[in-house]
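K.L.:
This structure is in structure tokens; I'll ask about it shortly.
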Amino acid sequence: MKPRKTRNRQTTYQLQLWLMALPCILLVFLFNYVPMGGIILAFKDYSFSDGIFNSAWIGFDNFKFFFQSGVAWTLIYNTVFLNFLFIVSVTFFSILVALFLNEIFKWRIAKLFQSVLFFPHFISWIIVGYFSYSFLNADNGFLNVVLGYWGLAPVNWYASPEYWPLIMTVISIWKGLGYFSIIYLAGMVSINPELYEAARLDGGTKLDEMFRITLPMITPLIYINLFFALGRIFYANFDFFNNVVKNNGLIMSTTDVIDTYVMRSILVTGDFNMAAAVGLFQGVCGFILIVGSNWLVRRMDNENALF
Amino acid sequence: MKNLLAVLIIITFAVASFAQSVAGLPTIKFYFVATNATPDDVTLVQDKINSLVAKKVGANIELHPLSFSEITTKIPLLLKTGDDADIVTVSQFDPYISLYQTGGLLALDDLLPKVASNLYKLYDPIIWNAAKIKGRIYAVPSYSPSVSYPGIWTSKARLDKYKFDWSKVKKWEDYEPYFDAILANEPGVTPILSTDEYWGRIWFPNYYGFEGVGGVKSPKGQDLAVVDAVKGKSDVFAAPFTREYEANVTLMRKWFNKGYVKKNPPTEMEMNNLRSTGKMAAFLIPFAGEWDTTGMGQAEWGGAVIPQGKMAGHPTIRNISVGTGLAINKASKNPEQALKFIQESYTNSDVQNLLAWGIEGVHWQWKDKSKKIIAFVDGKTVENTGYYPNASDQFRTTINKLSYYRSEGDLLTDQRVADSIKSNSVVSPIFGFVPDMASVKTAMANVANVAAQYGDPLEKGLVDPQDPKIGLAVFRAKLKEAGIDTILAELQKQINAWKAENKK
């Protein structure tokens, strides 16, 4: 009788877990799997009056607009390059900040830093757009005033494409730092304190503790965050680009990304199939990247692979 | 107890929704443009209209005002997605051809004589024909003649201060003394308003007598494919390749270097601030004389009086077969009732005036009853009135001379338009031609992007036209690459076919 009872308890326990996960599963199913049906729009000449299923199939015609535009590779390069810059710099700085925060003993001070850093995360991109405009505009922008104080020549930022990768990286660090450092900090807090004690007993320095215990222990977390970011590397953060760069023709050579290009096209043609096609392309590329990098990680360091 | 409460709530809701509309009738949603409309006041107007015509139309109307900045994107979206909208406004902000291209407009030619015979009889076939695309009517045009010619809006006080006589102005260059005087005497004031999206350019095709065709342009730009309408020609060409375009962007660059515009075009919000605080002097516009600026001066220019500075140049072009009008969504479940409502709006002066001005005593009062001139009620202005579409053309036609009400500014505007049509205007050689751009969609998208990247900065003077990397030569080369020639060829083919068909 006894083993059966355990099995029963096990089943109830699992049932409870499943029930708890159910809302999330439903959510993912509803918002991530159901919309995948929309992929067929990428191959159709959709008009709502004919409906999704009765609209004509046109094969790969919807993809043509993007790949025959002559700028497809520039756009893909800009998107991936900028996202890569953002991912690397945000990850690097947020780990650094988390390491430092983790070493602050006074709980109140640590909390204060954390809140100050986290705050930009809640500021909408529209506001960030206005901030950056008042910082950078060539007529009475703050930055040019400061440059003037130092005796440097003012720069017309909105007409100088070469500075924008840097400007955008700084903005995304400022905005993303707090969020990711909290994730890493949470990982660090859960590290077993006995490890540190042992290190101290063996004469390890503070730096040893940071780089030989803390960092290795949060590596899986870093991998997970990187994987998530890689999966979306072909998608630009549209809010970011639309509000901060504002479709400014002068700096498009370094800031125009797939999403903003598609948006401008749709404003003229009103054709959503093209957007569906480009979206599919971005999704497939992201998928290949995730699977590929996971494969790479598994070969190098089996423990940290995601799947 | 809890259950009882729930039942009570449900009953309250049911009763409330029942009381709002005339029993058993379907609802028609009408999306139009309005400068000002608060939900409470819209409900007032809506209820009044329903009490007048709901039974006759066979449906309750539901008003959905959209602001001028929303309307360009929202209406195409409603149509494209087959959203729950019945009637939408066609205007220069959502040109007829663009809305047709969404594929969401219902063809009305079968319904018109059957359901709305009074409306159909309003116009003679020539006007209905001018509203046809590929042989079918997709909108009820609001037949009000329009002309357009570039010019400026600037405050009268400033003009007087510098004793500048804009009535003698013949070309853009003639404004230079005025702008120079402002630069010299009012530090901190920028002579010409610009925004990151649209304003701050002097390239308007109609300045040279060109008329745009096919809507080939950057999302916020000017037409690139044009015909020389004033010369009566119907050969399509790309404006950026002309000498006129080059001269224009070169002049704008000169103005930019002089400091007539801000180095970085400000955001829309920033521009509004500069305007209301008087930190900017003039607006360069493609449609001088066509608009009543009284309200704008009060609300947005800090109370300034704005004369309409129109340049005396070549004749203006009478164009656009359907400038303004009303259309029905293909996804509408009650197209017949929707068309009947349009008929009411065009033929029933009560409905028309309610839509255009709101309710007497609440939104407006008589200024001169015999002449049907009205004004805001005391204490109300453009800024704080609860209902003021400020675009009454969308609800009416001038052809049946109904007793619709007008403001004094409206009357002046009408007079100006009538005068310029009479004295100096030509009918466009492609009047009534509506192209179908579906086959060159891809090229359209690519050209639009090239125009946004290279054309818009050039037209605003932000770039030196001679610049080897981003100048005019590059813009032209990129336009070729993007397929502008394919578009021009397709347009020419369609115009030729249309001319043959109409024996022009």
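So the sequence lines, in the order shown, correspond to chains A and B.
To convert, take the position in the first sequence, counting from 1, and add 11; that gives our numbering.
To convert, take the position in the second sequence, counting from 1, and add 7; that gives our numbering.
For glycine and all other residues, C-beta sits at the position ideal for the given N, C-alpha and C.
1) Would you report the Cα separation of Gly303/A and Phe245/A, rounded to the nearest angstrom?
2) Is the beta carbon of Lys257/A closer than 9 Å to that of Thr274/B?
3) Only counting the same chain, and skipping five residues up and downstream in sequence, which positions put a Cβ closer than 8 Å to that of Tyr174/A?
4) Would you list, in chain order, the members of the segment 447-468 of chain B that have their beta-carbon closer than 8 Å to a beta-carbon of chain A?
5) Between Val127/A and the rest of its own chain, which residues show a CB-CB distance below 7 Å, the 5 nearest in sequence each way excluded?
6) His132/A by DSSP, collapsed to three states: which one?
7) So if I threshold CB-CB distances at 9 Å, which residues from the segment 157-191 of chain A count as touching chain B?
8) So what does DSSP say about Ile269/A, is it helix, strand or coil?
9) Please classify Tyr169/A: does DSSP put it in a helix, a strand, or coil?
10) Would you list the one or two residues that DSSP bridges to Ile68/B?
11) To be precise: take each residue of the segment 182-203 of chain B, compare its Cβ to all Cβ atoms of chain A, and keep it if any distance is under 9 Å. Which residues remain?
12) Closest to Lys170/B by CA distance: which of Pro184/B, Ser225/B, Lys177/B, Val237/B is it?
13) Counting C-beta neighbours from all protein chains within 10 Å, is the total for Phe298/A 16 or more, i.e. buried, or is it exposed?
14) Should Asp187/B and Pro212/B be called a contact, given that it needs their Cβ atoms to be closer than 9 Å?
15) Using a beta-carbon distance cut-off of less than 7 Å, what residues from the segment 254-274 of chain B approach chain E?
16) Do you know offhand how far Ser174/B's Cα is from Asp181/B's?
17) With a cut-off of 8 Å on the beta carbons, I'd call Leu557/B and Lys81/B a contact; round off their distance for me.
18) Please go through the same chain and pick out, in chain order, the residues whose beta-carbon is closer than 7 Å to the beta-carbon of Trp135/B, but skip the five residues on each side of it.
19) Would you kindly report the start and end of the unbroken beta strand (DSSP E) that includes Pro227/A?
20) Specify whether the segment 431-444 of chain B and the segment 454-464 of chain B touch according to this definition: at least 3 beta carbon pairs, one from each stretch, less than 8 Å apart.
21) So, with DSSP's three-state summary, where would you put Leu333/B?
22) Please name the residue, chosen from Thr96/B, Tyr252/B, His321/B, Trp262/B, that lies closest to Ile349/B on a Cα-to-Cα basis.
23) Spell out a yes or no on whether the segment 236-246 of chain B and the segment 264-271 of chain B are touching, meaning 3 or more CB-CB pairs, one atom from each, closer than 8 Å.
24) What is the DSSP secondary structure of Ala363/B, reduced to helix, strand or coil?
25) So, does the segment 207-226 of chain B touch the segment 246-259 of chain B, judging by three or more C-beta pairs under 8 Å?
26) Just list the beta strand (DSSP E) runs in the segment 245-327 of chain B, keeping only unbroken ones of 3 residues or longer that don't cross its boundaries, in chain order.
27) Quick one: does Pro226/B have its CB under 9 Å from some CB of chain A?
28) Hey, quick one: how far does the alpha helix (DSSP H) through Glu390/B stretch, first residue to last?
29) Using a cut-off of 7 Å between C-beta atoms, extract the partners of Ala149/A located in chain B.
30) Under 8 Å between beta-carbons, which chain A residues line up against Ala489/B? List them in chain order, please.
31) Since Val470/B meets chain A, which of its residues come closer than 9 Å, beta carbon to beta carbon?
32) Rounded to a whole number of angstroms, what is the C-alpha to C-alpha distance between Asp101/B and Asn397/B?
33) Output, in chain order, the set of chain B residues within a Cβ distance shorter than 7 Å of Val279/A.
34) When the distance is taken between beta carbons, is Ala232/B closer than 9 Å to Gly216/B?
35) Listed from N- to C-terminal order along the chain, which residues in the segment 80-101 of chain B have their beta-carbon within a distance smaller than 7 Å of any beta-carbon of chain A?
P.N.:
Concretely, from the data shown:
1) Against the first sequence, residue 303/A aligns to sequence position 292. Against the first sequence, residue 245/A aligns to sequence position 234. One C-alpha to the other measures close to 15 Å.
2) In the second sequence, residue 274/B corresponds to position 267, counting from 1. In the first sequence, residue 257/A corresponds to position 246, counting from 1. Yes, they are a contact pair.
3) Along the first sequence, one-based indexing puts residue 174/A at 163. Counting only Cβ-Cβ distances below 8 Å, and skipping sequence neighbours, we find Val166, Trp168.
4) Lys448, Thr449, Met451, Ala452, Asn453, Ala455, Asn456, Ala459, Gln460, Tyr461, Gly462, Asp463, Pro464
5) On the first sequence, residue 127/A is found 116 positions in, with the first residue counted as 1. The beta carbon of Val127/A is closer than 7 Å to none in its chain, skipping five residues each way along the sequence.
6) Indexing the first sequence from 1 puts residue 132/A at position 121. DSSP places His132/A in helix when its eight states are reduced to three.
7) Asn167, Trp168, Tyr169, Ala170
8) For the purposes of this step, residue 269/A is taken as the residue at position 258 of the first sequence. Helix at Ile269/A.
9) Indexing the first sequence from 1 puts residue 169/A at position 158. Three-state DSSP puts Tyr169/A in a helix.
10) Taking the second sequence and counting its residues from 1, the one referred to as residue 68/B is at position 61. The partner list for Ile68/B (beta bridge, DSSP) reads Ile35/B.
11) Thr197, Asp203
12) The residue you call residue 170/B lines up with position 163 of the second sequence. Out of Pro184/B, Ser225/B, Lys177/B, Val237/B, Pro184/B has the C-alpha closest to the C-alpha of Lys170/B.
13) Translated into positions along the first sequence, residue 298/A becomes position 287. Phe298/A should be labelled exposed.
14) Numbered from 1 along the second sequence, position 180 holds the residue referred to as residue 187/B. Numbered from 1 along the second sequence, position 205 holds the residue referred to as residue 212/B. No.
15) Included in the structure are the protein chains A and B, with no chain E among them.
16) Translated into positions along the second sequence, residue 174/B becomes position 167. Translated into positions along the second sequence, residue 181/B becomes position 174. The straight-line gap from Cα to Cα measures roughly 11 Å.
17) What is shown of chain B runs 8 to 511, which leaves residue 557/B out entirely.
18) On the second sequence, residue 135/B is found 128 positions in, with the first residue counted as 1. Contacts found: Ile144.
19) On the first sequence, residue 227/A is found 216 positions in, with the first residue counted as 1. Note, Pro227/A: premise wrong, no beta strand (DSSP E); alpha helix (DSSP H) at 226-242.
20) no
21) If you number the second sequence from 1, residue 333/B lands on position 326. Three-state DSSP puts Leu333/B in a strand.
22) Counting from one through the second sequence, the residue named residue 349/B turns up at place 342. With distances taken between Cα atoms, Ile349/B lies closest to Thr96/B.
23) no
24) On the second sequence, residue 363/B is found 356 positions in, with the first residue counted as 1. Three-state result, Ala363/B: helix.
25) Verdict: yes, contact present.
26) 287-292, 315-317, 323-325
27) For the purposes of this step, residue 226/B is taken as residue 219 along the second sequence, with counting starting at 1. It does: the Cβ of Pro226/B has a partner Cβ on chain A nearer than 9 Å.
28) Residue mapping note: residue 390/B aligns to position 383 of the second sequence, counting from 1. Glu390/B -> no alpha helix (DSSP H), and no H or E assigned at all.
29) For the purposes of this step, residue 149/A is taken as residue 138 along the first sequence, with counting starting at 1. In chain order, Lys270, Asn271 make up the part of chain B whose C-beta sits under 7 Å from the C-beta of Ala149/A.
30) By 1-based counting over the second sequence, the position of residue 489/B is 482. When 8 Å is used as the limit between beta carbons, Ala489/B is near these residues of chain A: Ser80, Gly81, in chain order.
31) The residue given as residue 470/B occupies position 463 in the second sequence. The contacting residues are Ala170, Gly260, Leu261.
32) On the second sequence, position 94 is the one that residue 101/B refers to. On the second sequence, position 390 is the one that residue 397/B refers to. Asp101/B and Asn397/B: Cα-Cα distance of roughly 16 Å.
33) Here residue 279/A refers to the residue found at position 268 of the first sequence. Ordered by position in chain B, the residues that pass the 7 Å Cβ test against Val279/A are Pro226, Met451, Ala452, Ala455.
34) Position 209 of the second sequence, counted from the start, is the residue given in the question as residue 216/B. Position 225 of the second sequence, counted from the start, is the residue given in the question as residue 232/B. Cβ distance not < 9 Å, so Gly216/B and Ala232/B don't count as in contact.
35) Pro83, Lys87, Thr88, Gly89
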